[in-house]
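Below is one structure; the comments refer to it alone.
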Amino acid sequence: MSDVDLSTELAYAKFENPIFTASGCASSGKELAQFFPLTELGAMVTKSIMLRPRSGRATPRMAETPSGMLNSIGLQGPGIDLFLEEDLPWLLNTGARAVVSIAGESVDEYGALSRRLRGVKGISAIEVNISCPNVENRGLVFACDQASARAVIETVRINIGGEYPIIAKLSPDVTDISLIAGEVINAGADGLALINTLLGMVIDSETLKPVLGGKTGGLSGPAIRPVAVRAIYQVHAKYPKIPILGMGGVTSGGDALQLIAAGASAVSVGTASFGDPLAPVRIKEELASLLEGHGFSRIRDAIGVAHV
Amino acid sequence: MSDVDLSTELAYAKFENPIFTASGCASSGKELAQFFPLTELGAMVTKSIMLRPRSGRATPRMAETPSGMLNSIGLQGPGIDLFLEEDLPWLLNTGARAVVSIAGESVDEYGALSRRLRGVKGISAIEVNISCPNVENRGLVFACDQASARAVIETVRINIGGEYPIIAKLSPDVTDISLIAGEVINAGADGLALINTLLGMVIDSETLKPVLGGKTGGLSGPAIRPVAVRAIYQVHAKYPKIPILGMGGVTSGGDALQLIAAGASAVSVGTASFGDPLAPVRIKEELASLLEGHGFSRIRDAIGVAHV
Amino acid sequence: MVVDEGWSLVPINPRAEVTQARILSNRKVGAYHHIAFEAGEIGRYAKPGNFIAIAVGGDFSSMPLHRVFAIYRAKAEGIHASTIEIIVAAHGKGSEWLVKQSEGSQLRITGPLGTSFPLPAEPVNVAIVGGGYGSAPLFDLADHLKTRGCRVDAVIGASTSSKIFAPLDGKRTVNSVTVTTEDGSAGVQGRVTDVLDELIDRQRIDLIYSCGPMAMLKAIDEVAQRHQISHLISVEEAMACGIGICMTCVLPIKDSKGIVKMTRTCIEGPVIDSERVLWSKGIPEGTWGAP
Amino acid sequence: MVVDEGWSLVPINPRAEVTQARILSNRKVGAYHHIAFEAGEIGRYAKPGNFIAIAVGGDFSSMPLHRVFAIYRAKAEGIHASTIEIIVAAHGKGSEWLVKQSEGSQLRITGPLGTSFPLPAEPVNVAIVGGGYGSAPLFDLADHLKTRGCRVDAVIGASTSSKIFAPLDGKRTVNSVTVTTEDGSAGVQGRVTDVLDELIDRQRIDLIYSCGPMAMLKAIDEVAQRHQISHLISVEEAMACGIGICMTCVLPIKDSKGIVKMTRTCIEGPVIDSERVLWSKGIPEGTWGAP
Ligand SMILES: Cc1cc2nc3c(=O)[nH]c(=O)nc-3n(C[C@H](O)[C@H](O)[C@H](O)COP(=O)(O)OP(=O)(O)OC[C@H]3O[C@@H](n4cnc5c(N)ncnc54)[C@H](O)[C@@H]3O)c2cc1C
Ligand SMILES: Cc1cc2nc3c(=O)[nH]c(=O)nc-3n(C[C@H](O)[C@H](O)[C@H](O)COP(=O)(O)OP(=O)(O)OC[C@H]3O[C@@H](n4cnc5c(N)ncnc54)[C@H](O)[C@@H]3O)c2cc1C
Ligand SMILES: Cc1cc2nc3c(=O)[nH]c(=O)nc-3n(C[C@H](O)[C@H](O)[C@H](O)COP(=O)(O)O)c2cc1C
Ligand SMILES: Cc1cc2nc3c(=O)[nH]c(=O)nc-3n(C[C@H](O)[C@H](O)[C@H](O)COP(=O)(O)O)c2cc1C
Ligand code: FES
Ligand code: FES
Numbered sequence: 195m196s197d198v199d200l201s202t203e204l205a206y207a208k209f210e211n212p213i214f215t216a217s218g219c220a221s222s223g224k225e226l227a228q229f230f231p232l233t234e235l236g237a238m239v240t241k242s243i244m245l246r247p248r249s250g251r252a253t254p255r256m257a258e259t260p261s262g263m264l265n266s267i268g269l270q271g272p273g274i275d276l277f278l279e280e281d282l283p284w285l286l287n288t289g290a291r292a293v294v295s296i297a298g299e300s301v302d303e304y305g306a307l308s309r310r311l312r313g314v315k316g317i318s319a320i321e322v323n324i325s326c327p328n329v330e331n332r333g334l335v336f337a338c339d340q341a342s343a344r345a346v347i348e349t350v351r352i353n354i355g356g357e358y359p360i361i362a363k364l365s366p367d368v369t370d371i372s373l374i375a376g377e378v379i380n381a382g383a384d385g386l387a388l389i390n391t392l393l394g395m396v397i398d399s400e401t402l403k404p405v406l407g408g409k410t411g412g413l414s415g416p417a418i419r420p421v422a423v424r425a426i427y428q429v430h431a432k433y434p435k436i437p438i439l440g441m442g443g444v445t446s447g448g449d450a451l452q453l454i455a456a457g458a459s460a461v462s463v464g465t466a467s468f469g470d471p472l473a474p475v476r477i478k479e480e481l482a483s484l485l486e487g488h489g490f491s492r493i494r495d496a497i498g499v500a501h502v
Numbered sequence: 195m196s197d198v199d200l201s202t203e204l205a206y207a208k209f210e211n212p213i214f215t216a217s218g219c220a221s222s223g224k225e226l227a228q229f230f231p232l233t234e235l236g237a238m239v240t241k242s243i244m245l246r247p248r249s250g251r252a253t254p255r256m257a258e259t260p261s262g263m264l265n266s267i268g269l270q271g272p273g274i275d276l277f278l279e280e281d282l283p284w285l286l287n288t289g290a291r292a293v294v295s296i297a298g299e300s301v302d303e304y305g306a307l308s309r310r311l312r313g314v315k316g317i318s319a320i321e322v323n324i325s326c327p328n329v330e331n332r333g334l335v336f337a338c339d340q341a342s343a344r345a346v347i348e349t350v351r352i353n354i355g356g357e358y359p360i361i362a363k364l365s366p367d368v369t370d371i372s373l374i375a376g377e378v379i380n381a382g383a384d385g386l387a388l389i390n391t392l393l394g395m396v397i398d399s400e401t402l403k404p405v406l407g408g409k410t411g412g413l414s415g416p417a418i419r420p421v422a423v424r425a426i427y428q429v430h431a432k433y434p435k436i437p438i439l440g441m442g443g444v445t446s447g448g449d450a451l452q453l454i455a456a457g458a459s460a461v462s463v464g465t466a467s468f469g470d471p472l473a474p475v476r477i478k479e480e481l482a483s484l485l486e487g488h489g490f491s492r493i494r495d496a497i498g499v500a501h502v
Numbered sequence: 033m034v035v036d037e038g039w040s041l042v043p044i045n046p047r048a049e050v051t052q053a054r055i056l057s058n059r060k061v062g063a064y065h066h067i068a069f070e071a072g073e074i075g076r077y078a079k080p081g082n083f084i085a086i087a088v089g090g091d092f093s094s095m096p097l098h099r100v101f102a103i104y105r106a107k108a109e110g111i112h113a114s115t116i117e118i119i120v121a122a123h124g125k126g127s128e129w130l131v132k133q134s135e136g137s138q139l140r141i142t143g144p145l146g147t148s149f150p151l152p153a154e155p156v157n158v159a160i161v162g163g164g165y166g167s168a169p170l171f172d173l174a175d176h177l178k179t180r181g182c183r184v185d186a187v188i189g190a191s192t193s194s195k196i197f198a199p200l201d202g203k204r205t206v207n208s209v210t211v212t213t214e215d216g217s218a219g220v221q222g223r224v225t226d227v228l229d230e231l232i233d234r235q236r237i238d239l240i241y242s243c244g245p246m247a248m249l250k251a252i253d254e255v256a257q258r259h260q261i262s263h264l265i266s267v268e269e270a271m272a273c274g275i276g277i278c279m280t281c282v283l284p285i286k287d288s289k290g291i292v293k294m295t296r297t298c299i300e301g302p303v304i305d306s307e308r309v310l311w312s313k314g315i316p317e318g319t320w321g322a323p
Numbered sequence: 033m034v035v036d037e038g039w040s041l042v043p044i045n046p047r048a049e050v051t052q053a054r055i056l057s058n059r060k061v062g063a064y065h066h067i068a069f070e071a072g073e074i075g076r077y078a079k080p081g082n083f084i085a086i087a088v089g090g091d092f093s094s095m096p097l098h099r100v101f102a103i104y105r106a107k108a109e110g111i112h113a114s115t116i117e118i119i120v121a122a123h124g125k126g127s128e129w130l131v132k133q134s135e136g137s138q139l140r141i142t143g144p145l146g147t148s149f150p151l152p153a154e155p156v157n158v159a160i161v162g163g164g165y166g167s168a169p170l171f172d173l174a175d176h177l178k179t180r181g182c183r184v185d186a187v188i189g190a191s192t193s194s195k196i197f198a199p200l201d202g203k204r205t206v207n208s209v210t211v212t213t214e215d216g217s218a219g220v221q222g223r224v225t226d227v228l229d230e231l232i233d234r235q236r237i238d239l240i241y242s243c244g245p246m247a248m249l250k251a252i253d254e255v256a257q258r259h260q261i262s263h264l265i266s267v268e269e270a271m272a273c274g275i276g277i278c279m280t281c282v283l284p285i286k287d288s289k290g291i292v293k294m295t296r297t298c299i300e301g302p303v304i305d306s307e308r309v310l311w312s313k314g315i316p317e318g319t320w321g322a323p
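Chains as they are written, first to last, in my numbering: chain H, 195 to 502; chain C, 195 to 502; chain R, 33 to 323; chain E, 33 to 323.
As structure tokens, then:
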């Protein structure tokens with residue numbers, strides 16, 4: 195391994211290296227732990243957890259697309275109580291760093307989740323997934339509406355206190371992502387996660403109906419990488435001091451470096467793990483040697499270099 | 195070739211088959227005419243033409259991405275006068291159907307273009323590319339702003355008269371594409387073209403700077419197909435009577451059928467021609483035999499079947 | 033009736049590894065391709081019922097997701113590494129690519145994955161029932177059953193004869209083989225369930241293992257329930273990752289407390305005791321966390 | 033000085049076709065790969081300076097765009113079809129894939145594309161100057177020049193010896209070959225322009241043909257201008273389609289009326305009279321339609 199200092203920060207949370215898992219692409223860690231020690235990761239970002247247990251959407255839940263995939267998992271999960279009782283302790287016990295992702299259907303639900311998380315030991319940061327439909331506002335996705343996005347982050351801020359940095363995860367399915375970024379920053383987000391999936395659909399060649407049980411799904415994987423790089427670049431240009439956790443189609447160290455150069459302080463690996471369970475570790479190693487090749491002695495100097 | 199009736203309509207314009215070229219992916223026809231008779235196409239959609247000649251953006255103008263590409267051509271072209279004098283007559287002379295795409299930097303420019311096109315013989319429809327920055331409104335893209343989008347289509351409607359169907363081409367880079375669709379329909383659009391490219395960026399692995407001369411570029415190709423299918427499906431669900439010219443990553447007859455089932459009455463082939471000049475003809479043939487396999491005797495019955 | 037040999041049905045296969053596998057041979061067998069790999073340690077730890085996940089499309093692939101295949105045979109010791117064999121039905125893009133790969137090609141394979149067939153504690157009478165390529169993992173299972181003194185009768189069905197997978201040495205392992213085809217091109221015309229009732233009675237079957245399409249498993253289960261005999265099934269749900277991290281492969285399945293959960297069949301399956309399975313489509317009412 | 037043989041410099045090659053080509057051979061030559069194809073009628077109509085566009089990555093490729101390569105040699109008659117040969121420097125994803133393809137592989141190729149080298153009307157003294165794989169199309173050109181009675185001297189340069197492409201029969205065709213390498217590992221240490229001045233004087237060169245990186249073409253052009261001799265160049269710009277429909281491969285080039293336009297080098301090039309070329313980067317002021 196190279197000598198490059200890979201340590202990085204998201205607001206006041208420090209991490210030994212910048213390669214994280216992506217929420218919903220690594221469950222709560224147990225499954226990937228079969229393949230590598232989770233301490234190899236900068237952090238495990240857990241699957242977005244909701245207040246109550248949730249069965250998710252009907253199957254089929256995925257469709258492969260050119261260099262990408264659609265998913266309509268629908269946030270299946272055990273709910274916050276069981277998560278705090280079983281999944282999180284297990285994860286922290288491995289010595290891995292944990293970023294806990296939360297999701298809600300109403301502003302209040304985000305508030306309640308935050309209160310449950312307040313004071314929980316060992317968490318490194320909270321990622322707030324606001325790409326969920328707001329049941330109180332005609333199912334409009336929080337991340338697609340300035341007021342809703344702001345309201346969620348304000349609520350999380352108030353209820354969680356100053357214990358963990360709040361990372362607001364934004365959707366690329368908006369006219370101007372930097373506007374939404376501005377709102378959540380004003381509302382108290384310490385950092386941003388960019389980007390969530392793009393809304394897409396695949397129609398079955400036999401039935402001529404949408405493949406997914408949920409009809410539409412979220413597009414992820416290499417196909418969306420150019421959109422992720424653009425979103426990170428735009429937001430970093432406007433808010434250079436706000437740390438960004440970048441994600442979207444990262445499958446190699448070179449891809450991670452693109453996101454970092456665009457302005458990401460750390461990078462989540464999602465869909466790539468589905469085709470290669472060792473992807474996060476490989477990507478970390480490739481990134482380190484690329485940074486070395488470019489003459490960087492620490493990764494911090496590479497963050498946002500595309501803007502210089 | 196199969197016996198399926200491939201003829202289709204976009205508003206009051208009728209076409210022998212539903213496979214068109216995509217604006218900017220076939221120039222004005224001369225180049226592809228080396229490979230197949232342009233009469234094989236439902237129509238040639240010409241590269242968006244502006245009022246004055248235009249040199250376009252600095253090179254590099256493209257970057258390949260996973261199952262896609264970015265382009266930042268910047269609407270290079272000869273301007274409407276030379277287009278009407280040379281390119282269009284040449285094209286019409288081949289016997290091909292011509293859909294003329296126009297683009298402007300201000301509402302007035304669209305008006306002026308429409309006046310120039312008024313009464314020009316032989317045109318089958320006008321595609322109005324509103325994915326251009328509005329120089330009079332802080333460079334905001336017309337298609338990303340309801341008022342600007344409406345203003346452009348109103349102007350075109352007034353200036354061009356009722357001679358040709360007006361197809362408004364929308365950008366997917368908006369929070370709710372059906373809102374923009376509603377605006378342009380109210381403003382007088384007879385049909386919609388869905389979708390233009392997604393805004394993206396690639397960073398060079400050597401220089402760590404954006405590859406493209408224009409920094410950002412438009413993402414096209416198979417990578418964006420799920421976004422196109424979704425956009426067409428959403429808009430057709432809301433406005434089932436408005437004909438849609440679909441496009442985005444179509445490389446096979448099966449892909450074209452996906453867009454048709456989602457609600458497209460015709461399909462443009464763009465990026466696929468870059469890797470296979472015969473793509474439009476092959477796609478048409480594949481589509482015909484797929485329709486036959488599904489038991490359709492005419493393509494009209496397949497339009498929007500995914501909704502049934 | 034069955035004993036769980038250590039970890040047959042324990043979720044998350046503890047032996048899984050990622051390896052660069054090399055194709056040793058690839059040849060057509062009826063409608064299928066029989067592909068053998070030299071695959072690190074996978075063959076050493078594979079148990080009947082386990083599967084592998086294969087990355088497809090090569091270095092510049094447009095297919096980011098795994099393709100999963102049941103292990104047909106595994107050998108702990110090859111020349112350089114352990115070997116595994118699979119039976120592939122070319123179906124969509126990835127499997128079409130796979131069957132075109134030639135000897136010597138290197139592929140990234142993850143495995144062994146999933147649960148495996150638990151074996152009976154005593155020598156009992158067993159029926160193995162396979163549909164299409166679903167018979168592939170059952171012959172290795174039969175081998176293990178025979179070693180434990182079981183009688184094993186096989187019923188192998190498919191739509192047509194070319195889709196019957198019943199290799200000679202597999203046939204030799206079992207006590208009898210009944211073939212059914214829907215078009216009658218081989219064996220008895222009909223479905224596996226058309227011959228199963230009679231077989232159960234005739235051979236006093238105590239236990240059924242089955243593998244094939246969901247509709248077939250369901251039909252077999254009805255027969256098994258009627259006869260009140262245990263039934264272990266290997267299910268096939270669409271899988272994106274095969275390793276438990278994507279949540280696409282779920283089925284409504286009862287947990288040990290009887291609570292129905294949308295359960296990942298890649299880590300708590302593919303082998304499941306049919307008692308736990310709800311055969312309804314969609315998310316049944318009362319499923320844990322259902323709206 | 034030069035005559036345009038029918039359609040050498042006419043935009044949009046009228047002979048272009050799409051064909052399923054088969055790799056006849058693929059072998060390493062220094063830092064390059066020499067690949068021969070059986071390619072429909074392409075070899076029959078190819079002229080020196082033309083190029084081909086190749087679809088890369090196979091059936092499930094994530095690479096939608098063409099890769100373009102100068103035709104090194106073309107033969108009108110092969111066993112089944114005409115043949116073409118190219119010299120490939122593995123560089124990015126697509127060319128790396130290409131050099132790994134084995135004999136018998138089928139690839140979709142479009143060609144012949146672009147303009148070709150016009151030939152002098154009279155037997156004159158010619159220098160051909162190639163940088164790296166840029167020498168590939170020049171030997172076939174030399175053949176044609178020799179047939180017309182020209183004297184042909186070659187200067188072949190590269191950074192290091194493995195990147196000098198100068199095949200034996202190519203060398204035999206020309207009257208002399210001077211090799212230059214920047215690291216001195218073969219021939220004269222230095223660049224092609226370091227030996228060109230002297231060659232022009234010594235052999236009374238009337239006409240230069242050159243092919244290589246833009247910076248090299250520019251340096252050669254300065255020498256040519258100083259000596260006031262004609263210079264035909266083959267340029268290399270990034271190309272997405274190679275057939276004139278995407279507008280990515282543009283350079284500021286003067287048209288016949290002297291107006292500078294952003295010109296597609298895939299259909300009005302790659303061979304261009306250097307007189308028409310503006311060597312500045314970006315879009316020079318005064319370019320037609322420039323803001
Ligand atoms: C436990 C298990 C064992 C299997 N064993 C075999 C076997 O021995 N032989 C065999 O031929 N096939 C087997 N299959 C089915 C095989 O996985 C699919 O046929 C194959 O993945 C389809 O890939 P494709 O590229 O042809 O299709 P595509 O439609 O291109 O696949 C796209 C994606 O969907 C997934 N997918 C699609 N259909 C299925 C399916 N039926 N099952 C799982 N994933 C699917 C693929 O994994 C991939 O991620 C098994 C499936 C499971 C779950
Ligand atoms: C007229 C002409 C003749 C050429 N002849 C040869 C030759 O004989 N031998 C040889 O080794 N190379 C030649 N090249 C360069 C060759 O086209 C590129 O090296 C190759 O396309 C790069 O592809 P890649 O997959 O390695 O790179 P990638 O970066 O993956 O390519 C991505 C895209 O960019 C385009 N691209 C990138 N670099 C270039 C480039 N330098 N020129 C054109 N397109 C590029 C590709 O066509 C592709 O569409 C020629 C280029 C031109 C324009
Ligand atoms: C199957 C799947 C499930 C996902 N679940 C979540 C989730 O629960 N919460 C969330 O914030 N993002 C979720 N995502 C989005 C990813 O975290 C990530 O933002 C996106 O996939 C882009 O990264 P990638 O291209 O590396 O996968 C999910 C993505 C996939 C593919
Ligand atoms: C190189 C290039 C140039 C384009 N130029 C235009 C244009 O001038 N006007 C326009 O409306 N769309 C333009 N487009 C967008 C296409 O018409 C089409 O909407 C988009 O590429 C999606 O289709 P595809 O994936 O089949 O290419 C261009 C696309 C490309 C790749
Ligand atoms: S296939 Fe991903 S969780 Fe089962
Ligand atoms: S490469 Fe597409 S126009 Fe020249």
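Using N, Cα and C, we set each Cβ at its ideal position, and we do this for glycine too.
Do you know how far the Cα of residue j is from the Cα of residue i?
| i | j | result |
| --- | --- | --- |
| alanine 205 of chain C | isoleucine 320 of chain C | 12 Å |
| glycine 313 of chain H | lysine 195 of chain R | 60 Å |
So residue i and residue j are supposed to be a Cβ contact under 8 Å. How far apart are they, rounded?
| i | j | result |
| --- | --- | --- |
| leucine 285 of chain C | glycine 223 of chain C | 5 Å |
*Would you list, in chain order, the members of the stretch 132-155 of chain R that have their beta-carbon closer than 9 Å to a beta-carbon of chain E?*
Lys132
*Proximal residues, the stretch 106-123 of chain E versus chain C, C-beta separation under 8 Å*: none
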